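Okay, so here's the structure we're looking at.
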Amino acid sequence: MPRGLETLLAVLAFGVCLGGPGAADPLLRSFSVCAGRLSALMEEQWMFDGPGSERTASELGAMVSLIEASMAEGEGRRVLDRRIKSKVAYRALLFQARFRADPEAAKQAATRAETLAAECREMILG
């Protein structure tokens, strides 16, 4: 069974065990934040790493599937708000990593951005 499908089924089972979609809010929050980060990363890659953007687009699609599977009715605005805020914050971090004049600060921003993206990818790949 593909890893994405395993993750989706695990999320659904976890949500049922906790009492339904409303109880899975911490997961939904994480999925929403990661979708925002992956959106920002994909846009960055469109400019600087074309082939990388295809992989990230696939990961973003998987994250959106997780959001849809765990989102309760009426949660759409909150999810979108988290995605947008996360995207803006992550885009600022990527900007610092690429354009900061201080090489050490740029390196720290790049390391942090890589760490955050890796955490999101782990949610998809298990």
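Heads up: the sequence shown begins at 1 in our numbering, then just goes up one per residue. C-beta: ideal position from N, C-alpha, C; glycine also. Being a predicted model, the structure only gives us computed values, none of them experimental.
How would you write the range of the alpha helix (DSSP H) that residue i sits in, first residue to last?
| i | result |
| --- | --- |
| residue 63 | 50 to 70 |
| residue 76 | 76 to 99 |
Is residue i near residue j, with beta carbons less than 8 Å apart?
| i | j | result |
| --- | --- | --- |
| residue 32 | residue 67 | yes |
| residue 53 | residue 45 | yes |
| residue 64 | residue 71 | no |
| residue 93 | residue 109 | yes |
May I ask whether a heavy atom of the ligand SAM can be found less than 7 Å away from the beta carbon of residue i?
| i | result |
| --- | --- |
| residue 56 | In the structure on display, the ligand SAM does not appear, and there are no ligands present to speak of. |
With a cut-off of 8 Å on the beta carbons, I'd call residue i and residue j a contact; round off their distance for me.
| i | j | result |
| --- | --- | --- |
| residue 113 | residue 97 | 5 Å |
| residue 41 | residue 90 | 7 Å |
Could you check what DSSP says for residue i in three-state terms: helix, strand or coil?
| i | result |
| --- | --- |
| residue 104 | helix |
| residue 44 | helix |
| residue 122 | helix |
By Cβ distance, which residues of its chain are closer than 8 Å to residue i, with the 5 residues on each side in sequence left out?
| i | result |
| --- | --- |
| residue 83 | 32, 33, 35, 36 and 39 |
Here's a check: name, in chain order, each residue in its chain whose Cβ is nearer than 6 Å to the Cβ of residue i, leaving out the five neighbours to either side.
| i | result |
| --- | --- |
| residue 87 | 36, 39 and 40 |
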